[in-house]
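S.K.: Could you have a look at this structure, given as structure tokens, before my questions?
Numbering (the working numbering), first residue to last: 1196 to 1346.
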């Protein structure tokens, strides 16, 4: 199944997974950019660190192959594996989005881009849950059998 075929399925969990990848990239980029912002508010440093933590959480949530090849603790693996349903993913992304939206209380920064995309990702996963669509992992990102081939 090609990427075009995956998007044609109209499964919101596929949309959520690809928006999750975009969220990951934006969390990394805005986290680094605001981390080195020397003239900004000090509290933005904390929110940029939280964006970088979100980056690492998202990469393990959205690319299941990495749980197999990266040496992580059993506790971390169990926590990431709990985020397997659409509703859990929606709640996780909504929590990460809320943290980034709270950064606006301090000062407006580029972290709003991460907050917007994290919110859209949570909305896609929530829509998939409400419509009763089962979570479908993108084959491009290591879902649907690739991770089992490594074991």
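The beta carbon of each residue, even a glycine, is placed where N, CA and C say it ideally should be.
Because the structure is a prediction, the values reported are computed rather than measured.
Taking the straight line between their C-alpha atoms, what separation do you get for residue 1282 and residue 1305?
M.R.: Counting from one through the chain shown, the residue named residue 1282 turns up at place 87. Counting from one through the chain shown, the residue named residue 1305 turns up at place 110. For residue 1282 and residue 1305, the distance between alpha carbons rounds to 28 Å.
S.K.: Please look up how many angstroms separate the CB atoms of residue 1285 and residue 1317, rounded, as I've assumed it's under 8 Å.
M.R.: Residue mapping note: residue 1285 aligns to position 90 of the chain shown, counting from 1. Residue mapping note: residue 1317 aligns to position 122 of the chain shown, counting from 1. Sure, about 5 Å apart at Cβ, within 8 Å.
S.K.: Please work out which residues of its chain come closer than 8 Å, Cβ to Cβ, to residue 1348, disregarding the five sequence neighbours upstream and downstream, and give them in chain order.
M.R.: This structure gives no information on residue 1348, because the portion of the chain shown stretches from 1196 to 1346.
S.K.: Would DSSP call residue 1328 helix, strand or coil?
M.R.: Taking the chain shown and counting its residues from 1, one reaches residue 1328 at position 133. Three-state DSSP puts residue 1328 in coil, outside helix and strand.
S.K.: Against chain D, with Cβ distances strictly below 8 Å, would residue 1269 count as a contact?
M.R.: The displayed structure is made up of one protein chain only, and chain D is not part of it.
S.K.: Going by CA-CA distance only, name the one from 1211, 1325 and 1238 that's closest to residue 1294.
M.R.: The residue you call residue 1294 lines up with position 99 of the chain shown. Of the candidates 1211, 1325 and 1238, the one whose C-alpha sits nearest the C-alpha of residue 1294 is 1238.
S.K.: Take the Cβ of residue 1218 as the centre, count every other Cβ of all protein chains shown within 10 Å, and call the residue buried at 16 or more, exposed below.
M.R.: Walking along the chain shown from the start, residue 1218 turns up at place 23. Result: buried.
S.K.: Are the Cβ atoms of residue 1225 and residue 1321 separated by less than 8 Å?
M.R.: Here residue 1225 is taken as the residue at index 30 of the chain shown, counted from 1. Here residue 1321 is taken as the residue at index 126 of the chain shown, counted from 1. Going by C-beta atoms, residue 1225 is not nearer than 8 Å to residue 1321.
S.K.: Do residue 1206 and residue 1328 count as a contact pair if the criterion is CB distance below 8 Å?
M.R.: Start at 1 with the first residue of the chain shown, and residue 1328 comes out as number 133. Start at 1 with the first residue of the chain shown, and residue 1206 comes out as number 11. It is a contact, given that the beta carbons lie within the stated cut-off.
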